[in-house]
Structure formats: C-alpha cells, structure tokens
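Novice: Take this structure, written in structure tokens, and hold onto it; I'll ask about it next.
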DNA sequence: CTCCAGGCAGTGT
DNA sequence: ACACTGCATGGA
C-alpha cells in the first residue's frame, strides 16, 4: 500500500484486502452515513471524516497526515495484513472459504471502547437501522458538533463525562426503552472506575468478559462485541442468532446447538483468529447464505 | 392484526 | 444446569 498527500486529502493506493462498504456495513459500527456508492461520512474519535474508495485506492478527504497516522490508520486497521489473516484461517478450515471469499474486504475496526460498549448495549433486540438512529440521537443531544457534510450536521458520540448526568428518563426520550437503566449502569461503572479500559485491555479475553458482564444489560454476546470491536481482542467470538444459524448449518449439520457450545467450538477451532472468522461468517450468513428471504420461508 | 429484531435479567424447575 | 417470560420500540 502507498500513502500520499494531495491537496488536503490523504490518498492510499494499491490497497489490498479492503472494501470500505463491506467494512462499514457489516454490522460492527453504527456511527456513519452513506453518501454515495463507496463513499461515507464516518464519526469516530471526536472527528468527522469523508472517505471514498475507488477500486484499489482510498481517499480520506480534508484530513492531515498526522490524523491519518494517529487515528484513521488504526481505526480502519490498515496496519494488519489481512492477506495473511485470511490465509491462516483457510489453512485450518476450508469450510470458511466461501464466507471469506465473499466478504474478502472486511476489516475489523478499532473503535472507541465507551462508544462500542453503549452501542452494543443498545443493540439487543434491535435491528441495525434502529441502533444507528439511537446512536445518532444520543450524539446529537449529548455530544459535540463536529461540522457538516452535504448540508448534514454530524455529532461526536458523547464522552463518559458528557453522559454522567444523563438520567434514565433522558435516555428513554432517546427511545432506548428498557435498555435505559443498563446504559445508566454502564456509565456509572465507567465513570467511577469499576470498569477501566486499561484494566480490560490488560486482562485476557475470558477475564475481560467476566468484568464486562458485571454491567447490567451486558451478557456474553454484548461483552464479546465490545471486546472484539472496542478493545482489540481478536479472539473474542460473539455468538448471536445469526452466528448460531450459520454455524449450525456449516458445522453442526443443521442441528439445533446452544450458544455456549458454539462459543466453545469456535474457541478451539479458530483460536486467536476467532473474531475474524466470526465477522466473515456473520456478514456472509446474514446477507448471502441464510438472509432475510430464507427467514420468511422458514416461517411458512 | 401479529411477529420479530446482532439479548438479557429475573424467576421457576 | 435448563426453560420460559417480559421487555420498549419500530418495521415488515
């Protein structure tokens, strides 16, 4: 990959194993807006970025080389060699082949811990468009204004201190429903240090999961999403309904299998690459193999 | 109208 | 250990 700076834009060329749309739309993040095909506005780390991909080049508009190196390089995980990651996965398991090849451009983003925690607490029993809407509302009401693109204003996800005085009622106003007390608990525990990002990062994945599930409304699935997307723990393997369905189909000959069993299987099968396998399988299972159509067929 | 959504906590065996 | 239920809200 080559990096250059051109009239205020950071330009990446000869980009391999990356697809902007796949990476943003695969369900790991919620704080972005599609502007056109392969062009997005992304909010992260208190910044607003317009970014576009054209074949094997990526343009980050109106940013600095320093911001690229300090923020966007890690955010988009350009520092990792996904060619090697995919090769390693396929070497031990060619059941994954179709999923990996279909979703070949997915990167696992390195998102902010606090935003990831709150976002995935919100995600329970909700569809992705709803989650995005609530994240947007929280940012608008409690976060900082980051500026505008194409006449639309964008807001940073609120910080812990900006959320400290937000009440359960305020949160219900933002349509968080029964998750409102969960968010309050997560904010409190983060603010008073019971939940510390540094401690979570230092802990191994199993230990980290235990710490996170002390928060009300955080179970195994939310904790694993938080670890994979917000704490850079690539062996985390969130098991949700979609992963359950696709794994039952691919690895358990269609047999009903409980989530714990699937998680244990994934741990021995994929090990430190679990998170990557999970994300290829999740997106593939959801969009291609099982999809919304098949779900309707199942009902009839 | 009913059913379900990237689940979880609470309660009951 | 395991099964079952309620939960806010919006879309199909």
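In the UniProt record's numbering, the protein residues as written are 1 to 300. All C-beta atoms, glycine included, are put in the ideal place defined by N, C-alpha and C. The structure presented is a predicted model; accordingly, all values stated were derived computationally and were not measured.
1) In the DSSP output, which residue or residues are listed as bridge partners for residue 43?
2) Does DSSP put residue 234 in a helix, a strand or coil?
3) What did DSSP end up calling residue 94 once you bin it into helix, strand or coil?
4) Between the region 41-50 and the region 62-78, do at least 3 Cβ pairs fall closer than 8 Å?
5) What residues in its chain sit with their C-beta under 8 Å from that of residue 112, if we drop five residues either side in the sequence?
6) If you count every other CB in all the chains shown that lies within 10 Å of the CB of residue 128, and 16 or more means buried, which is it?
7) Measure the C-alpha to C-alpha separation of residue 52 and residue 178 and round it to an integer number of angstroms.
8) What is the rounded straight-line gap between the Cα of residue 299 and the Cα of residue 245?
9) Quick one: Cα of residue 171 to Cα of residue 218, how far?
10) Does the region 97-115 come close enough to the region 3-21 to have 3 or more Cβ pairs within less than 8 Å?
11) Should residue 255 be labelled buried (16 or more other beta-carbon atoms within 10 Å of its own) or exposed?
12) So, helix, strand or coil for residue 201, using DSSP?
13) Is it true that the CB of residue 26 sits closer than 8 Å to the CB of residue 120?
14) So if DSSP puts residue 57 in a beta bridge, which residue, or which two residues, is it bridged to?
15) Start and end of the beta strand (DSSP E) containing residue 148?
16) With C-beta atoms as the reference, is residue 311 less than 8 Å away from residue 166?
17) DSSP state of residue 300, grouped into three classes?
18) Which runs of the beta strand (DSSP E), 3 residues or longer, sit entirely within the region 101-153?
19) Kindly indicate which three-state DSSP category residue 265 falls into: helix, strand or coil?
20) Excluding five sequence neighbours on each side, which residues of the same chain lie with their C-beta closer than 7 Å to the C-beta of residue 259?
21) So for residue 196, helix, strand or coil by DSSP?
22) I'd like to know whether the C-beta atoms of residue 191 and residue 164 end up nearer to each other than 8 Å.
23) Indicate the three-state DSSP secondary structure (helix, strand or coil) for residue 13 in the structure shown.
24) Ignore the nearest five residues each way along the sequence and tell me which others in residue 33's own chain have a CB closer than 6 Å to its CB.
Specialist: In short, the structure shows the following:
1) Indexing the first chain from 1 puts residue 43 at position 43. Its beta-bridge partners are 48.
2) Locating residue 234 in the first chain gives position 234, where the first residue counts as 1. Shown here, residue 234 sits in coil according to DSSP, grouped into three states, outside any helix or strand.
3) Looking up residue 94 in the first chain gives position 94. Three-state result, residue 94: helix.
4) Result yes; three or more Cβ-Cβ pairs closer than 8 Å.
5) Your numbering for residue 112 matches position 112 in the first chain. Answer for residue 112: 44, 45, 157 and 230, listed in chain order.
6) Start at 1 with the first residue of the first chain, and residue 128 comes out as number 128. Counting the other CB atoms within 10 Å of its CB gives residue 128 a total below 16, which places it among the exposed residues.
7) Indexing the first chain from 1 puts residue 52 at position 52. Indexing the first chain from 1 puts residue 178 at position 178. Near 37 Å, if we compare the C-alpha coordinates of residue 178 and residue 52.
8) Position 299 of the first chain, counting from 1, holds the residue named residue 299. Position 245 of the first chain, counting from 1, holds the residue named residue 245. Annotation note: pLDDT 34 at residue 299 (below 50); position unreliable, no value reported.
9) Here residue 171 refers to the residue found at position 171 of the first chain. Here residue 218 refers to the residue found at position 218 of the first chain. Between residue 171 and residue 218, the C-alpha separation is close to 17 Å.
10) They touch, by the three-pair rule.
11) As a working mapping, residue 255 is identified with position 255 in the first chain. Counting C-beta atoms within 10 angstroms of its own C-beta, residue 255 has fewer than 16 neighbours from the protein chains shown and is therefore classed as exposed.
12) The sequence position of residue 201 within the first chain is 201, counting from 1. Residue 201 sits in a helix when the DSSP states are folded into three classes.
13) Stepping through the first chain from its first residue, residue 120 is reached at position 120. Stepping through the first chain from its first residue, residue 26 is reached at position 26. Annotated as distal: residue 120 and residue 26, with beta-carbon spacing of 8 Å or more.
14) Your numbering for residue 57 matches position 57 in the first chain. Looking at the DSSP output, residue 57 sits in a beta bridge with 54.
15) Within the first chain, residue 148 is the residue found at index 148, counting from 1. It spans 145-149 - the beta strand (DSSP E) in which residue 148 sits, taken as one unbroken run.
16) For residue 311 there is no data in the structure shown, the boundaries of the chain being 1 and 300.
17) The residue you call residue 300 lines up with position 300 of the first chain. Any reading at residue 300 is ruled out, since the residue's pLDDT is 28, under 50, leaving its predicted position unreliable.
18) Counting only runs of 3 or more, we get 145-149.
19) By one-based count along the first chain, residue 265 stands at place 265. Reduced to three states, the DSSP call for residue 265 is helix.
20) Position 259 of the first chain, counting from 1, holds the residue named residue 259. So the qualifying residues of the chain are 239 and 244.
21) In the first chain, the residue the question calls residue 196 occupies position 196. Residue state, collapsed to three classes: coil.
22) As a working mapping, residue 191 is identified with position 191 in the first chain. As a working mapping, residue 164 is identified with position 164 in the first chain. Yes, these two residues count as a Cβ contact at 8 Å.
23) In the first chain, residue 13 corresponds to position 13, counting from 1. Here residue 13 sits in strand by DSSP.
24) Along the first chain, read from residue 1 onward, the residue named residue 33 stands at position 33. Cβ neighbours of residue 33 within its own chain (closer than 6 Å, five residues either side excluded): 41.
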